[in-house]
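Q: Here it is, the structure in full.
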Amino acid sequence: MKMFFKKTGTMQALAVLLLIGGTCLFCGCSRQTQRIQMVDTAMGTIVSQTLYIEGRTIREQQDIVQEILFCIHDLEQQRLSWRLSGSEIYEINANAGEENGIGLSPKLSEHLNACLRVSEASQGAFDITIGDVVRLWDIDTWAGKEETKGFVIPSESEINAALEKTGYQKISLQDNRIILPKPLQLDMGAVGKGIALDEIKQILEEYEEITGAVVSVGGSILTYGTKSDGSLWNVGIVNPSETSENIGVLKLEGGWCVSTSGDYERFVEKDGVRYHHILNPETGYPAESGVRSVTIVTQNGLLSDALSTACFILGEEEGLALAEEFEAEALFVLEDGRISMTEGMQQFFELTVE
Ligand code: AMP
Ligand code: MG
């Protein structure tokens, strides 16, 4: 998923900002409202912020942008990363097998409960205990690299051994305490960016001078408030077969979280086969469900992110049913070229006409 920009100077400005990273751009929209834009990286992905702010000095505006960026770094470092020692997930994984488990922050406890609800509703298609299988494939290391000779497709026996170490049903979660049996390992890769949106929304709400914003963290995008010209926010749906193009656009008011999971986002190609990063916990292989991408629209970031991953694995029919169960809107771009969506999504979606 990426933002859809009309062909104005904005796109060029963003391209420049992408190169220099972490730089802010200020554009006067009116005397009262400033539009500030920033592109940087956090959580291993691109973070782009466009904020409409009234009556603050440039310094104060920059501080807000930095606060948002810091909150994403903090979320990764303190709570969600399985790589960084000191994060809660790292500690849970390190303490797998502890009879009495370990204590959790109320926030992480809430995230894990929500994840388990999606696991149950998707009958295990979504499973945060997939950590060992994710590490076995190691797609993130190879995705986007020109030289992939060193990429090795795991053997059947390695996959089966890694699958033995999964199973969300084996987690015990109660009163802000988790018991993770050995050798299970948690991976929050499917929900981290969505959780970031929920945290960012809370920051935006603290500043009544922020009248509108659109913030994207990788494949997840938050719309907030209104634009100064009153028009709707545009969120592009990438064409999986031609990722520099959009197949359509979602026209949204503020208050929505949009997450996309696609086989074009992170993948390695070997001998003409594409191995992507969304794994089917039943087979241990990248999901093959006839889907190229799924976009979910809800008011909760964690849910939009979890459901986009789950629906990708389930495929069109079961995925649409799952989205409806959570009162979320879903749009599927399918391998056969069709676009399929929930009824409620139709009010947002406009097809790009070539
Ligand atoms: P997303 O791009 O939001 O669909 O998330 C994909 C990421 O979630 C992967 O890079 C893995 O870290 C993790 N993941 C892969 N397959 C699953 C799954 N079946 N359930 C939960 N997380 C998964
Ligand atoms: Mg996801």
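Under the numbering used here, the first residue of the sequence shown carries the number 742, and numbering increases by one thereafter. Don't be surprised by glycine CBs; every beta carbon is placed ideally from N, CA and C.
1) Between the C-alpha atoms of His1018 and Lys934, what's the straight-line distance to the nearest angstrom?
2) Check whether the segment 784-804 touches the segment 948-962, counting contact only when three or more Cβ pairs, one atom from each stretch, lie closer than 8 angstroms.
3) Take Glu947 as the anchor and find which of Asn980, Gly966, Ala931 has the nearest alpha-carbon.
4) For Ile1142 versus Ile1080, is the C-beta distance shorter than 8 angstroms?
5) Tell me which residues share the same chain as Glu795 and place their Cβ nearer than 7 angstroms to its Cβ, disregarding the 5 neighbours each side in the sequence.
6) Tell me the DSSP secondary structure of Ala835 in three-state form.
7) Does the separation of the CB atoms of Leu938 and Cys856 fall below 8 angstroms?
8) Which partner residues of Ile1080 appear in the DSSP bridge assignment?
9) How about Ser860: is its Cβ closer than 7 angstroms to a heavy atom in ligand 2?
10) Which value, in whole angstroms, describes the spacing of the CA atoms of Ile884 and Glu817?
11) What is the DSSP secondary structure of Leu1044, counted as helix, strand or coil?
12) Helix, strand or coil for Met779? Go by DSSP, reduced to three states.
13) Specify, as a first and last residue, the run of the beta strand (DSSP E) that Glu808 falls within.
14) May I have the straight-line CA-CA distance separating Met1082 from Arg800, to the nearest angstrom?
15) With H, G and I counted as helix, E and B as strand and the rest as coil, what does DSSP make of His1018?
16) Below 8 angstroms on the Cβ atoms is my guess for Ser860 versus Tyr909; work out the distance and round it to an integer in Å.
17) Quick one: using the 10 Å Cβ neighbour count with 16 as the cut-off for buried, is Pro847 buried or exposed?
18) Tell me Arg918's beta-bridge partners as DSSP assigns them.
19) What first and last residue would you give for the beta strand (DSSP E) that runs through Ile794?
20) If the criterion is Cβ atoms closer than 8 angstroms, does the pair Glu808 and Ile936 meet it?
21) Based on DSSP bridge pairs, tell me the residues matched to Thr964.
22) Which residue or residues does DSSP assign as beta-bridge partners of Ser985?
23) By the three-class DSSP mapping on this structure, what secondary structure does Arg1033 have?
24) Does DSSP put Cys765 in a helix, a strand or coil?
25) CB of Phe1073 to nearest heavy atom of ligand 3: below 7 angstroms?
26) Using the Cβ count rule (16 or more neighbours within 10 Å means buried), how would you classify Ser913?
27) Output yes or no for whether 8 angstroms exceeds the beta carbon distance between Val1035 and Ser1045.
28) Quick test of the definition: if touching needs 3 or more C-beta pairs under 8 angstroms, does the segment 994-1013 touch the segment 868-883?
29) Please report how far the alpha carbon of Gly1078 lies from the alpha carbon of Val1094, in whole angstroms.
30) Quick test of the definition: if touching needs 3 or more C-beta pairs under 8 angstroms, does the segment 883-903 touch the segment 823-830?
31) I need the boundaries of the alpha helix (DSSP H) containing Lys934, first residue and last residue.
32) Please report the residue range of the alpha helix (DSSP H) in which Gly872 lies.
A: Put simply:
1) Walking along the sequence shown from the start, residue 1018 turns up at place 277. Walking along the sequence shown from the start, residue 934 turns up at place 193. One alpha carbon belongs to His1018, the other to Lys934, and they sit about 15 angstroms apart.
2) yes
3) Numbered from its first residue, the sequence shown carries residue 947 at position 206. Minimum Cα distance to Glu947 is reached at Gly966.
4) The chain is shown from 742 up to 1095; residue 1142 falls before or after that span and cannot be answered.
5) Indexing the sequence shown from 1 puts residue 795 at position 54. Gln773, Thr774, Glu950, Thr952.
6) By 1-based counting over the sequence shown, the position of residue 835 is 94. Correct three-state label for Ala835: helix.
7) In the sequence shown, counting from the first residue as 1, residue 938 sits at position 197. In the sequence shown, counting from the first residue as 1, residue 856 sits at position 115. In this structure, Cys856 does not lie closer than 8 angstroms to Leu938 by Cβ.
8) Within the sequence shown, the letter at position 339 stands for residue 1080. In DSSP, Ile1080 forms a bridge with Val1074.
9) Position 119 of the sequence shown, counting from 1, holds the residue named residue 860. Checking every heavy atom of ligand 2 against the Cβ of Ser860, none is found closer than 7 angstroms.
10) For the purposes of this step, residue 884 is taken as residue 143 along the sequence shown, with counting starting at 1. For the purposes of this step, residue 817 is taken as residue 76 along the sequence shown, with counting starting at 1. Just to set this straight, residue 884 is Ala in the shown sequence, not Ile. Near 21 angstroms, if we compare the C-alpha coordinates of Glu817 and Ala884.
11) Walking along the sequence shown from the start, residue 1044 turns up at place 303. In the structure shown, Leu1044 sits in a helix (DSSP, three-state: H, G or I).
12) Position 38 of the sequence shown, counted from the first residue, corresponds to residue 779. DSSP places Met779 in strand when its eight states are reduced to three.
13) In the sequence shown, counting from the first residue as 1, residue 808 sits at position 67. Here Glu808 belongs to no beta strand (DSSP E); instead the alpha helix (DSSP H) covers 799-815.
14) The residue labelled residue 1082 in the question sits at position 341 within the sequence shown. The residue labelled residue 800 in the question sits at position 59 within the sequence shown. Whole-angstrom Cα-Cα distance: 43 angstroms.
15) For the purposes of this step, residue 1018 is identified with residue 277 of the sequence shown, where counting begins at 1. His1018 falls in the coil class under three-state DSSP.
16) Within the sequence shown, numbered from 1, the residue matching residue 860 stands at position 119. Within the sequence shown, numbered from 1, the residue matching residue 909 stands at position 168. Between Tyr909 and Ser860 the Cβ distance is about 4 angstroms, and since that is below 8 angstroms, they are a contact.
17) Taking the first residue of the sequence shown as position 1, residue 847 is located at position 106. Exposed.
18) Locating residue 918 in the sequence shown gives position 177, where the first residue counts as 1. Paired residue(s): Gly844, Gln915.
19) Residue 794 sits at position 53 when you count from the first residue of the sequence shown. It spans 786-795 - the beta strand (DSSP E) in which Ile794 sits, taken as one unbroken run.
20) Residue numbering aside, residue 808 sits at position 67 when the sequence shown is read from its first letter. Residue numbering aside, residue 936 sits at position 195 when the sequence shown is read from its first letter. Not closer than 8 angstroms, so no.
21) Within the sequence shown, residue 964 is the residue found at index 223, counting from 1. Val955, per the DSSP bridge assignment.
22) Position 244 of the sequence shown, counted from the first residue, corresponds to residue 985. For Ser985, which the question treats as bridged, DSSP gives no partner whatsoever.
23) What you label residue 1033 is simply residue 292 of the sequence shown in a count that begins at 1. Residue state, collapsed to three classes: strand.
24) As a working mapping, residue 765 is identified with position 24 in the sequence shown. Bear in mind that the predicted position of Cys765 carries a pLDDT of just 42, short of 50, making it unreliable; the figure below should be weighed with that in mind. Looking at Cys765 - three-state DSSP - the assignment turns out to be strand.
25) Looking for ligand 3 in the displayed structure turns up nothing; the ligands present are ligand 1 and ligand 2.
26) Sequence index remark: in the sequence shown, residue 913 carries index 172 (1-based). Per the 10 Å Cβ criterion, exposed.
27) Locating residue 1035 in the sequence shown gives position 294, where the first residue counts as 1. Locating residue 1045 in the sequence shown gives position 304, where the first residue counts as 1. No, they are not a contact pair.
28) yes
29) Taking the sequence shown and counting its residues from 1, one reaches residue 1078 at position 337. Taking the sequence shown and counting its residues from 1, one reaches residue 1094 at position 353. The alpha-carbon atoms of Gly1078 and Val1094 are separated by roughly 15 angstroms.
30) no
31) For the purposes of this step, residue 934 is taken as the residue at position 193 of the sequence shown. Its alpha helix (DSSP H) spans residues 933-947.
32) By 1-based counting over the sequence shown, the position of residue 872 is 131. Gly872 -> alpha helix (DSSP H) spans 872-878.
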